[in-house]
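Peer 1:
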Amino acid sequence: MSIEQEPQLAEAAGQAAEPDSSAAVCLFRSLADPTRLRILLHLALGEHRVVDLTEHVGLAQSTTSTHLACLRDCGLVQARTVGRSSVYSLAVATELMDLLSAAERVLAATGDAVTLCPQIDHTGETHDDPTISRFSQGRS
Ligand SMILES: [Zn+2]
Numbered sequence: 001m002s003i004e005q006e007p008q009l010a011e012a013a014g015q016a017a018e019p020d021s022s023a024a025v026c027l028f029r030s031l032a033d034p035t036r037l038r039i040l041l042h043l044a045l046g047e048h049r050v051v052d053l054t055e056h057v058g059l060a061q062s063t064t065s066t067h068l069a070c071l072r073d074c075g076l077v078q079a080r081t082v083g084r085s086s087v088y089s090l091a092v093a094t095e096l097m098d099l100l101s102a103a104e105r106v107l108a109a110t111g112d113a114v115t116l117c118p119q120i121d122h123t124g125e126t127h128d129d130p131t132i133s134r135f136s137q138g139r140s
């Protein structure tokens, strides 16, 4: 038999059985992890090789890879192979930024104004790095 989600588990979770709401819950769960949110906000600045992303967000490479795999499973990021590296980027950048802007408005309205703006997490770093631009062009 193939590995599938057990129906009993969905039933046990009560209201969570509706496909739409569980997809939304899944989405927000992926965004709820501070590390994943940080990775997503950083990828909003442009695509990154794992090694660069690891360095820029200051995480262990294994941690970064684990979270990237999770985000890729959720369809939030995509990867392509360049040489021997995987280059990650946001799969739905516009929609995700819309979502984060909406989140900012909600937070502002609820009095917990924070800025999810990518630049915040990115002081003193430039992405005019020719290495990254070269990846963006797709050829050297
Ligand atoms: Zn960066």
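Those letters in the sequence shown? Residues 1 to 140, per full-length UniProt numbering, in order. Cβ coordinates follow ideal geometry from the N, Cα and C atoms, glycine included.
#1: Check whether the stretch 77-93 touches the stretch 21-28, taking contact to mean three or more Cβ pairs, one atom from each stretch, closer than 8 angstroms.
#2: Any heavy atom of ligand 1 inside 7 angstroms of the beta-carbon of Leu45?
#3: Going by beta-carbon coordinates alone, are Leu96 and Leu40 separated by less than 8 angstroms?
#4: Is Leu31 helix, strand or coil when you go by DSSP?
#5: Grab me the residues of residue 141's own chain with a C-beta within less than 8 angstroms of its C-beta, minus the 5 sequence neighbours each way, in chain order.
#6: Using only the heavy atoms of ligand 1, determine whether one of them is closer than 7 angstroms to the beta carbon of His67.
#7: Using the C-alpha atoms, what's the distance from Val92 back to Ala32?
#8: Keeping to the same chain, check which residues put their C-beta closer than 7 angstroms to that of Val77; ignore five residues upstream and five downstream.
#9: Could you tell me the distance, in whole angstroms, from the CA atom of Ala79 to the CA atom of Ala102?
Peer 2: According to the structure shown:
#1: Touching, no.
#2: Answer for Leu45: yes, Cβ within range of ligand 1.
#3: Against a cut-off of 8 angstroms, the Cβ pair of Leu40 and Leu96 comes out as a contact.
#4: The answer is helix: DSSP assigns Leu31 an H, G or I state.
#5: Here the chain comprises residues numbered 1 to 140, so residue 141 is not present and cannot be evaluated.
#6: No, since every heavy atom of ligand 1 falls outside the 7 angstroms radius drawn around the Cβ of His67.
#7: Spanning the two alpha carbons is a distance of roughly 17 angstroms.
#8: Hits under 7 angstroms: Leu43, Leu68, Leu71, Tyr88, Ser89, Leu90, Ala91.
#9: Distance between the alpha carbons of Ala79 and Ala102 is about 26 angstroms.
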